[in-house]
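Under my numbering, residues -4 to 333 are what the sequence shown spells out, in order. Virtual Cβ for every residue (Gly too), placed ideally from N, Cα, C. None of the values given here were measured: they were computed from a predicted structure.
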Amino acid sequence: MLCNVCENLNNSICFNAESIGITYCTLTNATNGLGWPKIPNNVFVNNVIDWDKFFEERKKEIENIKNSTPRKECENCQQITRQEYTENNKIKYILLSQWQVCNSDCVYCLGHIPPLDKTSQNYDEQYKKFVEPYDIIAILKDMISKDILDKNAKIDFAGGEPTLYPRFDELINFLLDNNFNNIIIHTNNIQYSKAIENGIKKNAISLMISIDAGSKKCHRIVKRVDSFNNVWHNFKKYTKSKTKDYSGKLCTKYVIVPDVNDSEKEISEFIKQSKKHGATHVALNVYNQLLNNMNYEVNLLNHLYNLSEFFIKEAEKQKLNHILFPNISYVYTKLSKN
Ligand SMILES: C[S@@+](CC[C@H](N)C(=O)[O-])C[C@H]1O[C@@H](n2cnc3c(N)ncnc32)[C@H](O)[C@@H]1O
Ligand code: SF4
Ligand code: SF4
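Here it is as structure tokens:
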């Protein structure tokens, strides 16, 4: 029977930093700027999720959406669609985003802090707050032992910078040993990881690398650290490690920030560099704050539309697959129709 539901709610769990906690979904509701619906406190106690309670509470949220009485965060959310719905007590998508430290300082990013100083007096407290608010490996083990995690689950790493999580390689190797082969890692690629290389060899890991520039100079302006050559060097090592059966994505990514990197020259150079270093895909977005502010000024929209069109043409010229992320895709489709 057709009903109004949200697929995210039915499939996902998102592990965020202490300030946000564990949520049912990671999306902002574009109609009211809310989102991140949190799981109730009594579901997660002493590093253990009570899965019976989790599914019971989630069911209530879904019933409320079906009855058109969703919680405020979900009201009128575009992710609610009318569809055939099967109740599902499995998790098919996990976002891991509980670390906030990062070795880059991108002009557009709000969710990061500089690496911690191990000699500082409050290091342990800071570590608990910004690096490891709970033991994620223990939680994943629990999910696997209780058969809650779908075998084909998509496991998505964000953050902060995932490769700075001290147990990152342990976490990746744990997932690989348990045959999860749909792992996506968002990284700035400053730090090389043997575990990622291993995962690419096993056709289990896709990479989304935030580069955001085509030249060293512009990269320095966006990322606010000198890492351009290092990032491409690491990327080349990863792309070389894929076998001929590799079916994942080795994707470089560009977030447009007006007046910083919004030129055809930078985009064209970014695509050439991506090709040269072995990318399979290139992705484009525009920074969230711009559209969250609903600042749809017409000249800006036209400019973004032209850059998207240019990006697609350049990617096609280089025979690279191209992806438009939701914000830029929204602009592109909005203007394509006119
Ligand atoms: C928060 S980062 C964390 C992972 C990693 N540090 C990285 O840069 O890929 C995850 C992704 O979000 C993107 N991102 C961060 N802030 C953004 C913003 N304000 N608007 C659009 N994308 C953003 C980054 O470009 C990156 O691709
Ligand atoms: S309705 Fe929207 S805000 Fe609510 S869980 Fe679904 S995607 Fe998240
Ligand atoms: S590298 Fe990622 S987490 Fe770090 S500042 Fe940039 S977007 Fe944010």
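How should residue i be labelled, buried or exposed, when 16 other C-beta atoms within 10 angstroms of its C-beta is the threshold for buried?
| i | result |
| --- | --- |
| Y218 | Going by the sequence as given, residue 218 is Lys instead of Tyr. Result: buried. |
| S7 | buried |
| T336 | Nothing can be reported for residue 336, as the shown portion of the chain is limited to -4 through 333. |
| Q93 | buried |
| I132 | exposed |
| N36 | exposed |
| Y249 | buried |
| M(-4) | exposed |
| Q95 | buried |
| E311 | exposed |
| E120 | exposed |
| Y160 | buried |
Expressed to the nearest angstrom, what Euclidean distance is found between the alpha-carbon atoms of residue i and residue j?
| i | j | result |
| --- | --- | --- |
| N174 | Y233 | 20 Å |
| N147 | I180 | 16 Å |
| N224 | I185 | 9 Å |
| N3 | T23 | 12 Å |
| I57 | A12 | 25 Å |
| Y187 | V126 | 19 Å |
| V281 | D254 | 12 Å |
| N84 | R53 | 10 Å |
| K235 | C20 | 35 Å |
| E82 | K55 | 12 Å |
| P110 | L330 | 41 Å |
| D207 | I17 | 29 Å |
| L302 | D257 | 8 Å |
| V252 | I216 | 11 Å |
Tell me where the alpha helix (DSSP H) around residue i begins and ends.
| i | result |
| --- | --- |
| T234 | 223 to 235 |
| T158 | Where T158 is concerned, there is no enclosing alpha helix (DSSP H), given that its DSSP letter is neither H nor E. |
| Q121 | 118 to 125 |
| I191 | 189 to 196 |
For residue i, which of the options has the nearest alpha-carbon?
| i | options | result |
| --- | --- | --- |
| V43 | F10, L29, E56 | F10 |
| I200 | C1, V326, T238 | T238 |
| S99 | I139, F152, T158, N41 | T158 |
| A153 | K124, I89, G209 | I89 |
| D264 | V277, C1, E292 | Before going further, note that residue 264 is Glu rather than Asp in the sequence given. Ranking the options by Cα distance to E264, first place goes to V277. |
| D151 | K141, N177, D221 | N177 |
| L170 | A190, D207, E156, N183 | A190 |
| C246 | F320, V220, F305 | F320 |
| I139 | W46, S258, I15, L296 | W46 |
| I204 | E156, D254, Y19 | E156 |
| S222 | L144, T182, N59, D130 | T182 |
| N71 | N59, V293, S303, E79 | N59 |
| C104 | E192, Y19, N283, S14 | N283 |
| P32 | I195, H228, R66, I167 | R66 |
| D172 | N193, K141, V102, I266 | N193 |
| N168 | K136, L144, T328 | K136 |
| R162 | H214, K149, Y129 | Y129 |
Starting from residue i, follow the beta strand (DSSP E) in both directions and report where the run begins and ends.
| i | result |
| --- | --- |
| Q78 | 75 to 79 |
| I60 | Note, I60: premise wrong, no beta strand (DSSP E); alpha helix (DSSP H) at 46 to 61. |
| F10 | 7 to 11 |
| T182 | 178 to 182 |
What residues sit near ligand 2, counting only those whose C-beta is closer than 6 Å to one of its heavy atoms, in chain order?
C1, N3, L4, Y19, C20, L22, N24, G30, P32, E68, C69, C72, Q74, I75
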